[in-house]
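Comments concern the structure below.
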Amino acid sequence: MSEAFENPFFVEVKDSLDSVGKGMCLAKWTQVTMQLQTGHNHSCHHPATHKISELEIARNPSALHNTKFKKLRRKEMLEGKRPEECDYCWGVEDNSDRFSDRIFKSSESWSWEYKEEMITYTNNLKSITMPTKVRLCNKCYKKQRTKGIDWVDWELTLDEERDLKLKELGI
Ligand code: SF4
């Protein structure tokens, strides 16, 4: 059994995530890598990237991270499902006694502190702003690294209420 598996904090995080759903992972909200040269993003870095819709950004700039595609994956997590694109973590969880990155990334201070907001975000349709870990495309990332910067912290507003209102208006 790995040491991490005996760490009470990781056990607490896993139990808490699993009480929402076996596929719940906070990194789907708090971490994003943007491939600005192709207009793609993914969160976290394990799933394949997907295209950011220009229409979505025009309606709400937070779609740079909070794409419709990603919101649907979050919805799956909140409904107890395991998004297919996160198969890296399911492979670890189904084939070993180790914790997957779902637990480690959710345990980070930049994730764990915001757990309640993420869960109520979809349930209560309220707007919240949270810090998001952003890693830019390869070229920008090289520049980031030469300056000793790993992640860039941005505040992105998750505004589901506004999204829905605009949708009702057909915008
Ligand atoms: S479940 Fe795993 S692959 Fe999916 S977002 Fe979380 S850490 Fe990444």
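Residue numbers for the sequence shown follow the numbering used here, beginning at 63 and rising by one.
Just so you know, even glycine gets a beta-carbon here, dropped at the ideal spot from N, CA and C.
Cut-off 7 Å between Cβ atoms - residues of its own chain near Ala110, not counting five sequence neighbours on either side: His104 and Glu147
Option in Val73, Val154, Trp91 and Ser171 with minimal Cα separation from Ala23: Because the chain is modelled from 63 through 233, residue 23 falls outside the range shown and cannot be assessed.
Cross-strand partners of Val154 (DSSP beta bridge): Answer is none; Val154 lacks a bridge partner.
Residue(s) in a DSSP beta bridge with His102: Gln97 and Lys113
Presumed contact (8 Å Cβ cut-off) between His112 and Thr129, rounded CB distance: 7 Å
Simplified DSSP state of Ile190, which is helix, strand or coil: Below a pLDDT of 50, predicted positions are generally treated as unreliable, and Ile190, at 46, falls in that range; no measurement from the model is reported.
Boundaries (first-last residue) of the alpha helix (DSSP H) holding Leu129: First, the residue type needs correcting, since residue 129 is Thr and not Leu in the sequence shown. Segment: none, Thr129 is in no alpha helix (DSSP H) and carries neither H nor E.
Buried/exposed call for Gln97, threshold 16 Cβ in 10 Å: buried
Near the ligand SF4: His242 beta-carbon under 6 Å from a heavy atom: Because the chain is modelled from 63 through 233, residue 242 falls outside the range shown and cannot be assessed.
Own chain, CB closer than 6 Å to His108, minus 5 neighbours either side, in chain order: Tyr150
Collapsed DSSP secondary structure at Lys143 in the structure displayed: coil
Proximity test, Tyr176 beta-carbon vs the ligand SF4 heavy atom, cut-off 6 Å: no
Beta-carbon proximity of Ser173 to Leu88, cut-off 7 Å: yes
Proximity of Arg144 and Gly85 at Cβ, strictly below 7 Å: yes
Buried versus exposed call for Lys76 [16 or more other C-beta atoms within 10 Å across all chains shown]: buried
Residue environment, Glu74, which counts as buried when at least 16 other CB atoms sit within 10 Å: exposed
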